[in-house]
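For the sequence shown, my numbering gives the first residue as 10, with consecutive numbering after it.
Even for Gly, the Cβ is constructed at its ideal location relative to N, Cα and C.
Only a predicted model underlies this, so the values are computations on that prediction, with no experimental measurement involved.
Report on the following structure.
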Amino acid sequence: MAEQKYVCPNCNGLIDYGTRFCPHCGNALGNWGNAYSSAPVNNNAAVVKEESFFEKYFSTKGRLNRKAAILRNLFISMVGSVFIFILGLISGGSLMVGDLSGALIPFLLGLIVCIVMLYSSLTINIRRCHDLDKSGLYIFATLLIIPAFKLVFAKGTTGPNKYGPDPLAGKY
Numbered sequence: 010m011a012e013q014k015y016v017c018p019n020c021n022g023l024i025d026y027g028t029r030f031c032p033h034c035g036n037a038l039g040n041w042g043n044a045y046s047s048a049p050v051n052n053n054a055a056v057v058k059e060e061s062f063f064e065k066y067f068s069t070k071g072r073l074n075r076k077a078a079i080l081r082n083l084f085i086s087m088v089g090s091v092f093i094f095i096l097g098l099i100s101g102g103s104l105m106v107g108d109l110s111g112a113l114i115p116f117l118l119g120l121i122v123c124i125v126m127l128y129s130s131l132t133i134n135i136r137r138c139h140d141l142d143k144s145g146l147y148i149f150a151t152l153l154i155i156p157a158f159k160l161v162f163a164k165g166t167t168g169p170n171k172y173g174p175d176p177l178a179g180k181y
């Protein structure tokens with residue numbers, strides 16, 4: 010009668026009953042199960058590849074969870090703020106001396122930093138929209154929120170304006 014063979018749960022190689030270590034992969038074997046049994050394999054597990062710096066901060070492809078989006082936006086804000094602060098110190102020194110041309114270069118560099126920060130933040134938020142199963146265009150809805158809050162909570166013009174008299178005139 011042929012000796013039964015078993016399957017290593019690590020490498021799926023055939024091994025003899027009672028073997029303590031798999032001769033194929035060196036896996037330590039303990040509990041013996043049924044012949045030709047193997048550990049359950051999750052074939053549905055997604056393979057996540059490591060993203061490059063460019064893919065993390067400047068790509069609109071894929072999805073991004075809340076934590077990663079918040080951390081990446083905070084990182085962009087902190088790094089950008091440091092650059093803007095340093096450029097402000099440089100241009101402020103030039104302005105104190107009266108050198109307007111010396112302040113122009115830091116201003117332009119600061120403008121470039123702001124544009125890069127804005128673009129990176131938009132791409133991060135587009136990927137966050139994708140995680141919510143929304144189109145990337147959904148981020149433009151956030152632009153409407155700020156004027157809506159201003160419309161609801163801002164104090165009106167005091168006194169008459171081109172649209173008529175102050176509705177609160179004489180009430181307070």
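- The C-alpha of Ile95 lies about 34 Å from the C-alpha of Gly71.
- Taking a C-beta distance under 8 Å as the contact criterion, Ile148 and Leu131 qualify as a contact pair.
- Shown here, Leu96 sits in a helix according to DSSP, grouped into three states.
- In this structure, the straight-line span from the alpha carbon of Cys20 to that of Leu146 is close to 47 Å.
- From the listed residues Leu73, Glu60, Cys17, the smallest Cα separation to Asp140 is found for Leu73.
- Closest in C-alpha terms to Gly89, from the list Arg136, Ala163, Val125, comes Val125.
- A direct Cα-Cα distance of roughly 15 Å separates Ile121 from Ser100.
- Take Asp175, set aside five residues on each side of it, and the residues of its chain with a beta-carbon closer than 8 Å to its own are Gly165, Thr166, Thr167, Gly168, Pro169, in chain order.
- Boundaries of the beta strand (DSSP E) harbouring Lys14: 14-16, taken from the DSSP string.
- The residue from Val161, Leu177, Arg136 with its alpha-carbon nearest to that of Ile79 is Arg136.
- Between the alpha carbons of Ser61 and Ile133 lies a distance of about 14 Å.
- With a minimum length of 4 residues, the unbroken runs of alpha helix (DSSP H) contained wholly in the region 92-171 fall at 109-140, 150-162.
- For Ile154 and Val161, the gap between their C-alpha atoms comes out near 11 Å.
- Secondary structure of Ala178 (DSSP, three-state): coil.
- Residue pairing for Gly173: DSSP places it in a beta bridge opposite Asn170.
- Rounded to whole angstroms, the separation of the alpha carbons of Tyr66 and Pro18 is 40 Å.
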